[in-house]
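Peer 1: Taking my numbering, I'd label the letters of the sequence shown as residues 496 to 834.
For glycine and all other residues, C-beta sits at the position ideal for the given N, C-alpha and C.
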Amino acid sequence: MPAIAVGPPPAVPLLFAVGPAEALAAAVAAAAGAELGRHELREFERGEHKLRPLTNVRARDVAIVHAVHGDLDGASVNDRLLQAWFFAAAVRDAGARSLTLAVPYLPYARKDRRTKSQDPLGARYVAQHFEATGADRILVVEPHALAAFENAFRIEALALPFAPLVAAAVAAEHADDADARIVVVSPDVGGTKRAQQLRELLAARLHGEVGFAFVDKERSRGRVRGGELVGEAAGAHCLLVDDLVASGGTIAHAAAAVLAAGARRWSLAIAHALFLPGAIEMLVTSECHRVYLTDSVPLESDVGRALPTRTLALAPYLGGALRAIWSGGSLAELTGIGE
Numbered sequence: 496m497p498a499i500a501v502g503p504p505p506a507v508p509l510l511f512a513v514g515p516a517e518a519l520a521a522a523v524a525a526a527a528g529a530e531l532g533r534h535e536l537r538e539f540e541r542g543e544h545k546l547r548p549l550t551n552v553r554a555r556d557v558a559i560v561h562a563v564h565g566d567l568d569g570a571s572v573n574d575r576l577l578q579a580w581f582f583a584a585a586v587r588d589a590g591a592r593s594l595t596l597a598v599p600y601l602p603y604a605r606k607d608r609r610t611k612s613q614d615p616l617g618a619r620y621v622a623q624h625f626e627a628t629g630a631d632r633i634l635v636v637e638p639h640a641l642a643a644f645e646n647a648f649r650i651e652a653l654a655l656p657f658a659p660l661v662a663a664a665v666a667a668e669h670a671d672d673a674d675a676r677i678v679v680v681s682p683d684v685g686g687t688k689r690a691q692q693l694r695e696l697l698a699a700r701l702h703g704e705v706g707f708a709f710v711d712k713e714r715s716r717g718r719v720r721g722g723e724l725v726g727e728a729a730g731a732h733c734l735l736v737d738d739l740v741a742s743g744g745t746i747a748h749a750a751a752a753v754l755a756a757g758a759r760r761w762s763l764a765i766a767h768a769l770f771l772p773g774a775i776e777m778l779v780t781s782e783c784h785r786v787y788l789t790d791s792v793p794l795e796s797d798v799g800r801a802l803p804t805r806t807l808a809l810a811p812y813l814g815g816a817l818r819a820i821w822s823g824g825s826l827a828e829l830t831g832i833g834e
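What follows is the structure, encoded as structure tokens:
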């Protein structure tokens, strides 16, 4: 059995990875100036498990990068949530001075309100379980709805918008097509604030006007209805922006709306590429020009061959955020939003 490290803990913060986040966590630790900790996972019969830190956490600032997305053919979201909660609680019980949970993709965030009688509030229940671990804060990349995310937690809830990453990538590529007018499009009314945020950052980088539009649609029982574009898209390069794509139905309707309105072409910016079966085929069929996405959820190996993707690496961003947290700095300075 591996021995637990003993001795006086160094002042440098400590970072662990739980779930399929080892590669991301190693890069985050390097960016944050943190030590990458070791842990042990033992699995028992009938699905039980034990997780414990092997690196001494007592009196240290600790962050845990939790990968809690599900796999189509492997561990479920629920499996990984339970591992995340157990390990975070174990770290706190072992004497960590502070505990930050970095959860790039937060599951169940879409269920943040009741739409039918006696509906569950999954977002709130997940938040309560994270709070029960004794963590000081949670750090999430582009939550589904910012206000709902912040209101669900009673610990410090920090959201990293992915708009700065998208704006930098799009502006760099736009230099090759400077004459094209860009219109940022929200695929539904609920995402207009996210799209406006990206539009403002992109306009500042391009030193020019960037348009805005949204698609007026509604969803009921998993089906998307409507699809009228509100805004001007004729002759423009339309950049659709959303927090995630699962089935792709919402994006398919939005793409059809911008093309019907005369868009020259369209691209997609998403923080979390969940990509259920059929989503990639939909994007290919709809002739998506480019897909900007983060590495919050690992992609299947054939996605890059099927789609013109550009991955926006989260490690420097998350590492910078952790540095700011541990040093008392400002996340607004890191993101350029809300200063």
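#1: Where Ala643 and Leu546 are concerned, what is the direct C-alpha to C-alpha distance, given to the nearest angstrom?
#2: Taking 7 Å as the threshold (C-beta atoms), are Tyr787 and Arg805 in contact?
#3: Measure the C-alpha to C-alpha separation of Ala658 and Asn551 and round it to an integer number of angstroms.
#4: Give the range of the alpha helix (DSSP H) segment to which Asp574 is assigned.
#5: So, at 6 Å on beta carbons, what are the nonlocal neighbours of Ala741 in its own chain, with the 5 sequence-adjacent residues on each side left out?
#6: What span of residues does the alpha helix (DSSP H) with Tyr787 cover, start to end?
#7: Does the CB of Arg689 have a neighbour CB from chain B at under 7 Å?
#8: Measuring straight from C-alpha to C-alpha, what distance separates Ala512 and Arg605?
#9: Just to confirm the assignment, what range does the alpha helix (DSSP H) spanning Ser822 have?
#10: Where does Lys545 fall in DSSP's three states?
#11: Can you tell me the Cβ-Cβ gap for Val636 and Leu531, rounded? I've got them flagged as a contact below 8 Å.
#12: Which of the three DSSP states, helix, strand or coil, is assigned to His639?
#13: Is it a yes or a no for the segment 647-655 touching the segment 743-756, going by three-plus beta-carbon pairs under 8 Å?
#14: Please state the DSSP three-state secondary structure of Leu802.
#15: Hey, which unbroken runs of the beta strand (DSSP E) at 3 residues or more fall wholly within the segment 708-786?
#16: I'd like to know whether the C-beta atoms of Arg818 and Ala527 end up nearer to each other than 7 Å.
#17: Tell me the DSSP secondary structure of His564 in three-state form.
#18: Quick one: measure Cβ to Cβ for Ile746 and Leu763, integer angstroms, because I've assumed they're closer than 8 Å.
#19: Exposed or buried, what is Gly590 when buried is set at 16 or more other beta-carbons lying within 10 Å of its beta-carbon?
#20: Quick check: the Cα distance between Leu577 and Glu704, rounded to an integer number of angstroms?
#21: Under 7 Å Cβ to Cβ from Trp821, same chain only, skipping five residues before and after it: list those, please.
#22: Do you know offhand how far Asn573's Cα is from Tyr620's?
#23: What span of residues does the beta strand (DSSP E) with Arg537 cover, start to end?
#24: Buried or exposed: which applies to Ala728, given that a residue is buried once 16 or more other Cβ atoms fall within 10 Å of its Cβ?
#25: Among the residues of its own chain, which have a CB less than 6 Å from the CB of Arg694, if the five just before and after it don't count?
#26: Assign His702 to buried or exposed, taking buried as 16 or more other Cβ atoms, counted over all protein chains shown, within 10 Å of its Cβ.
#27: Would the segment 610-617 and the segment 580-598 be scored as touching if the rule is three or more Cβ pairs under 8 Å?
#28: Just the C-alpha distance for Ser681 and Ala506, rounded to the nearest angstrom, thanks.
#29: Could you tell me the alpha carbon to alpha carbon distance between Ala690 and Thr789, rounded to whole angstroms?
#30: Put Arg700 into one of helix, strand or coil per three-state DSSP.
#31: Out of Gly824, Tyr812, Gly823 and Ala816, which has the shortest C-alpha to C-alpha gap to Val661?
#32: Please report the distance separating the alpha-carbon of Ala521 from that of Arg575.
#33: CA-CA distance, Glu668 and Ala698?
#34: In three-state DSSP terms, what is Gly685?
#35: Have a look at Phe709 and Thr687 and give me their C-alpha separation to the nearest angstrom.
Peer 2: Taking the definition as stated:
#1: One-based indexing of the sequence shown puts residue 643 at position 148. One-based indexing of the sequence shown puts residue 546 at position 51. Their backbone Cα atoms lie some 31 Å apart in a straight line.
#2: Within the sequence shown, the letter at position 310 stands for residue 805. Within the sequence shown, the letter at position 292 stands for residue 787. Yes, these two residues count as a Cβ contact at 7 Å.
#3: Within the sequence shown, the letter at position 163 stands for residue 658. Within the sequence shown, the letter at position 56 stands for residue 551. Their Cα atoms are separated by approximately 37 Å.
#4: Here residue 574 corresponds to residue number 79 of the sequence shown, with the count starting at 1. Val572 to Asp588 is the extent of the alpha helix (DSSP H) around Asp574.
#5: Residue 741 sits at position 246 when you count from the first residue of the sequence shown. Same-chain partners within the cutoff: Leu769 and Leu771.
#6: The count along the sequence shown starts at 1 and reaches residue 787 at position 292. Premise fails: Tyr787 lies in the beta strand (DSSP E), Val786 to Thr789, not in any alpha helix (DSSP H).
#7: The question asks about chain B, but that chain is absent: this structure has only one protein chain.
#8: By one-based count along the sequence shown, residue 512 stands at place 17. By one-based count along the sequence shown, residue 605 stands at place 110. For Ala512 and Arg605, the distance between alpha carbons rounds to 25 Å.
#9: For the purposes of this step, residue 822 is taken as residue 327 along the sequence shown, with counting starting at 1. It spans Ala810 to Ser822 - the alpha helix (DSSP H) in which Ser822 sits, taken as one unbroken run.
#10: Within the sequence shown, the letter at position 50 stands for residue 545. Strand at Lys545.
#11: Indexing the sequence shown from 1 puts residue 636 at position 141. Indexing the sequence shown from 1 puts residue 531 at position 36. Under the criterion of beta carbons closer than 8 Å, Val636 and Leu531 do not qualify as touching, at roughly 20 Å.
#12: Within the sequence shown, numbered from 1, the residue matching residue 639 stands at position 144. In this structure, His639 counts as coil in the three-state DSSP scheme.
#13: They do not touch, by the three-pair rule.
#14: What you label residue 802 is simply residue 307 of the sequence shown in a count that begins at 1. In the structure shown, Leu802 sits in coil (DSSP, three-state: anything other than H, G, I, E or B).
#15: Runs of beta strand (DSSP E) with 3 or more residues, each lying fully within the segment 708-786, are found at 718-725, 732-740 and 760-768, listed in chain order.
#16: Taking the sequence shown and counting its residues from 1, one reaches residue 818 at position 323. Taking the sequence shown and counting its residues from 1, one reaches residue 527 at position 32. Taking 7 Å as the Cβ cut-off, Arg818 and Ala527 qualify as a contacting pair.
#17: Within the sequence shown, the letter at position 69 stands for residue 564. The three-state secondary structure of His564, taken from DSSP, is coil.
#18: Locating residue 746 in the sequence shown gives position 251, where the first residue counts as 1. Locating residue 763 in the sequence shown gives position 268, where the first residue counts as 1. In this structure, Ile746 and Leu763 form a Cβ contact; the two beta carbons are roughly 6 Å apart against a cut-off of 8 Å.
#19: For the purposes of this step, residue 590 is taken as the residue at position 95 of the sequence shown. Burial check for Gly590: the Cβ neighbour count within 10 Å stays below 16, so the residue is exposed.
#20: Here residue 577 is taken as the residue at index 82 of the sequence shown, counted from 1. Here residue 704 is taken as the residue at index 209 of the sequence shown, counted from 1. Straight-line measurement puts the Cα of Glu704 at about 47 Å from the Cα of Leu577.
#21: In the sequence shown, counting from the first residue as 1, residue 821 sits at position 326. Leaving aside the five residues that flank Trp821 on each side, the residues in its chain whose CB is nearer than 7 Å to its CB run, in chain order, Pro508 and Asp556.
#22: What you label residue 573 is simply residue 78 of the sequence shown in a count that begins at 1. What you label residue 620 is simply residue 125 of the sequence shown in a count that begins at 1. Near 13 Å, if we compare the C-alpha coordinates of Tyr620 and Asn573.
#23: Locating residue 537 in the sequence shown gives position 42, counting from the first residue. Residues His534 to Glu538.
#24: If you number the sequence shown from 1, residue 728 lands on position 233. Ala728 is buried by the Cβ-count criterion.
#25: As a working mapping, residue 694 is identified with position 199 in the sequence shown. The residues Val679, Val705 and Phe707, in chain order, have a CB closer than 6 Å to that of Arg694 in the same chain once the five nearest residues on each side in sequence are set aside.
#26: Translated into the one-based positions of the sequence shown, residue 702 becomes position 207. His702 is exposed by the Cβ-count criterion.
#27: With a cut-off of 8 Å, the segment 580-598 and the segment 610-617 do not count as touching, because too few Cβ pairs lie within range.
#28: On the sequence shown, position 186 is the one that residue 681 refers to. On the sequence shown, position 11 is the one that residue 506 refers to. Going by the C-alpha atoms only, they are around 45 Å apart.
#29: Counting from one through the sequence shown, the residue named residue 690 turns up at place 195. Counting from one through the sequence shown, the residue named residue 789 turns up at place 294. Between the alpha carbons of Ala690 and Thr789 lies a gap of roughly 17 Å.
#30: To locate residue 700, count along the sequence shown from 1; it is residue 205. The DSSP-derived three-state label of Arg700 is helix.
#31: Within the sequence shown, residue 661 is the residue found at index 166, counting from 1. Closest by C-alpha distance to Val661, out of Gly824, Tyr812, Gly823 and Ala816, is Tyr812.
#32: For this step, residue 521 is matched to residue 26 along the sequence shown. For this step, residue 575 is matched to residue 80 along the sequence shown. Going from the Cα of Ala521 to the Cα of Arg575 covers about 19 Å.
#33: Counting from 1 along the sequence shown, the entry for residue 668 is found at position 173. Counting from 1 along the sequence shown, the entry for residue 698 is found at position 203. Each residue's Cα considered, the two are about 14 Å apart.
#34: Locating residue 685 in the sequence shown gives position 190, where the first residue counts as 1. For Gly685, the three-state secondary structure derived from DSSP is helix.
#35: Position 214 of the sequence shown, counted from the first residue, corresponds to residue 709. Position 192 of the sequence shown, counted from the first residue, corresponds to residue 687. Looking at the two C-alpha atoms, the distance is approximately 7 Å.
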